[in-house]
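See structure below.
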Amino acid sequence: MTTQHAITVLGHDRPGIIAETTGVLADLGLNLEDSTMTRLRGHFAMTLVCAGDVPAEEVRRALTPLTADGSLTVTVREIAPEQAPTTEGTSWVLTVHGGDRPGIVSAVVGEVAAVGGNITDLTTRLAGELYLLVAEIDLPADTDVEGVDAAIQAAATALGVGATLRPVEADEL
Amino acid sequence: MSGPDGSDSPDDELVSGWTEASLRVEGRVLEVVRAPRPVLSTLGEVVDPSAPATVQLAADLVATMRVSPGCVGLAAPQVGVSARVFCVDVSAHPKTRTQHGTFVLCNAEVVEASRNEKAREGCMSVPDFTGDVKRATRVVVRGQLPGTGQEVVISTDAFEARALQHEIDHCSGLLFLDRAAGAHAIHPRKTYL
Numbered sequence: 199m200t201t202q203h204a205i206t207v208l209g210h211d212r213p214g215i216i217a218e219t220t221g222v223l224a225d226l227g228l229n230l231e232d233s234t235m236t237r238l239r240g241h242f243a244m245t246l247v248c249a250g251d252v253p254a255e256e257v258r259r260a261l262t263p264l265t266a267d268g269s270l271t272v273t274v275r276e277i278a279p280e281q282a283p284t285t286e287g288t289s290w291v292l293t294v295h296g297g298d299r300p301g302i303v304s305a306v307v308g309e310v311a312a313v314g315g316n317i318t319d320l321t322t323r324l325a326g327e328l329y330l331l332v333a334e335i336d337l338p339a340d341t342d343v344e345g346v347d348a349a350i351q352a353a354a355t356a357l358g359v360g361a362t363l364r365p366v367e368a369d370e371l
Numbered sequence: 187m188s189g190p191d192g193s194d195s196p197d198d199e200l201v202s203g204w205t206e207a208s209l210r211v212e213g214r215v216l217e218v219v220r221a222p223r224p225v226l227s228t229l230g231e232v233v234d235p236s237a238p239a240t241v242q243l244a245a246d247l248v249a250t251m252r253v254s255p256g257c258v259g260l261a262a263p264q265v266g267v268s269a270r271v272f273c274v275d276v277s278a279h280p281k282t283r284t285q286h287g288t289f290v291l292c293n294a295e296v297v298e299a300s301r302n303e304k305a306r307e308g309c310m311s312v313p314d315f316t317g318d319v320k321r322a323t324r325v326v327v328r329g330q331l332p333g334t335g336q337e338v339v340i341s342t343d344a345f346e347a348r349a350l351q352h353e354i355d356h357c358s359g360l361l362f363l364d365r366a367a368g369a370h371a372i373h374p375r376k377t378y379l
């Protein structure tokens, strides 16, 4: 079975980080599979999974030049392949926004976790005073969705923010 | 069925009254191909709507759409043929407003489009992803009917408008992936038990 590596690159953003990182991986013969990159309060943040029979130590060594000036941190870890999870449940998008204060995310997603809901994608952003959370959630098939929605609303209201739970609908064409 | 402005042009009526029986050939069920097959990313050839091969293709598209659960449209590149031909039938879909039943258009193009809306789309040729795509909710589309080759201009809205734009894109070698609204607009499809 092919080895998979989980790689993170974090730090000061500048043009060329992705080109350099993926160039090193391609030179090692590694295949870039899933990846995501964004900027978090201006910091570069990339997580990727690549496959190929190269020891983690060798990948780490090859990526060392990226970290030479101290502006970026790179981690490389060998991981076991995961089966794509199946779900019997339903998919939802949760949006929460309002005035920034500590504890918004933990209070709201706590209600999701309490019913065994699984967050499959999450973004939070702070801009000025406005705090925003957008999450994609799988709820188990037997979930009382109205009950979860009410619990989320109550948690949000207690924090002075608003929450909306909408079904994810994809139109087949 | 009346058009989005409540009226119906003769072309709208003609298309609404069209059925695959007018093709007078038996449609065959073809295999639906999946990305990354190159034909899905190739600009489709303009066709002669009266040519026997086009008429057969039109019948095959309808037959293949009919046996595919939930399928509301199918374009020639999806059955491996690089041609500007597609069929649609959104009559059973809950988001449909204006609709023209089952029909096939050749060499179709969007001539007017307005009122964009973003929605999440899936496609039989891209089964592992869905994507958020902005499309017009009102369109005027010009094309030719297979067999007679008659040119028609139809007006529609809502889900039929989205389906027509999706199929016309296929005929131009474009997938919904090419219209992704942003870097986080493409989602892995959930695998349901």
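Chains as they are written, first to last, in our numbering: chain A, 199 to 371; chain B, 187 to 379. Ideal Cβ positions, reconstructed from N, Cα and C, are used throughout, including at glycine.
Among the options, nearest to residue i - alpha-carbon criterion
i, options, result
"ILE216(A)", "THR236(A), GLY227(A), LEU226(A) and THR201(A)", "THR236(A)"
"ALA349(A)", "GLY296(A), LEU292(A) and LEU324(A)", "LEU292(A)"
"HIS295(A)", "LEU238(A), ALA361(A) and ALA353(A)", "ALA361(A)"
"LYS135(B)", "ARG348(B), CYS309(B) and ASP194(B)", "Residue 135(B) lies beyond the residue range present for chain B, which begins at 187 and ends at 379; the question has no answer from this structure."
"GLU212(B)", "ARG321(B), GLU231(B), THR250(B) and CYS357(B)", "THR250(B)"
"GLY358(A)", "LEU371(A), LEU330(A), PRO365(A) and PRO253(A)", "LEU330(A)"
"GLY335(B)", "GLY266(B), ALA294(B) and VAL267(B)", "ALA294(B)"
"SER289(A)", "ALA325(A), LEU223(A), ILE317(A) and ALA312(A)", "ILE317(A)"
"PRO374(B)", "ILE335(A), GLU255(A) and THR200(A)", "ILE335(A)"
"VAL257(A)", "THR284(A), VAL222(A), ALA243(A) and HIS241(A)", "VAL222(A)"
"HIS241(A)", "GLY209(A), VAL247(A), PRO213(A) and LEU226(A)", "GLY209(A)"
"GLY266(B)", "SER227(B), HIS370(B), GLU206(B) and THR284(B)", "SER227(B)"
"THR341(A)", "GLU309(A), LEU324(A), PRO300(A) and LEU230(A)", "GLU309(A)"
"ALA369(B)", "GLU337(B), THR316(B), GLN330(B) and ILE354(B)", "THR316(B)"
"VAL247(A)", "THR273(A), SER269(A) and ALA260(A)", "THR273(A)"
Test: residue i CB closer than 8 Å to a CB of chain A
i, result
"VAL312(B)", "no"
"GLU307(B)", "yes"
"ALA349(B)", "yes"
Within chain B, partners of residue i - CB distance below 8 Å
i, result
"LEU264(A)", "Within chain B, no residue comes near LEU264(A); the closest Cβ sits about 22 Å away, beyond 8 Å."
For residue i, the residue or residues it bridges with in DSSP
i, result
"ILE277(A)", "GLN202(A)"
"LYS320(B)", "LYS304(B)"
"GLN330(B)", "CYS292(B) and GLU337(B)"
"VAL312(B)", "CYS309(B)"
"GLU298(B)", "VAL326(B)"
"ASP209(A)", "Here the sequence assigns Gly to residue 209(A), which means Asp is not the residue at that position. Paired residue(s): PHE242(A) and LEU270(A)."
"SER289(A)", "ASP336(A)"
"PRO365(A)", "TRP290(A)"
"PRO374(B)", "PHE315(B)"
"ARG323(A)", "LEU330(A)"
Below-8 Å beta-carbon distance, residue i vs any chain B residue
i, result
"THR285(A)", "yes"
"VAL294(A)", "no"
"SER289(A)", "yes"
Proximal chain A residues relative to residue i, where beta-carbon distance stays under 7 Å
i, result
"HIS352(B)", "LEU371"
Per-residue contacts from residue i into chain A (C-beta, under 9 Å)
i, result
"VAL258(B)", "ASP369, GLU370 and LEU371"
Residues that residue i contacts on chain A, provided the C-beta gap is smaller than 8 Å
i, result
"LYS281(B)", "ASP369"
Under 9 Å by beta carbon: chain B residues contacting residue i
i, result
"VAL366(A)", "ARG306, THR316, HIS373 and LYS376"
"ASP336(A)", "LYS376"
Cβ-heavy atom distance, residue i to the ligand HEM, below 7 Å
i, result
"ASP314(B)", "With respect to the ligand HEM, the structure offers nothing, as it holds no ligand at all."
* Can you find at least 3 beta carbon pairs, one from the segment 289-304 of chain B and one from the segment 317-337 of chain B, that sit closer than 8 Å? -> yes
* Asked: Contact between the segment 320-328 of chain A and the segment 261-280 of chain A: three or more CB pairs below 8 Å?
  -> No, the segment 320-328 of chain A is not in contact with the segment 261-280 of chain A.
* At least 3 beta-carbon pairs within less than 8 Å: the segment 233-242 of chain B vs the segment 357-370 of chain B -> no
* To do: Please confirm if the segment 197-217 of chain B is in contact with the segment 244-258 of chain B, defined as three or more CB-CB distances below 8 Å between the two stretches.
  => yes
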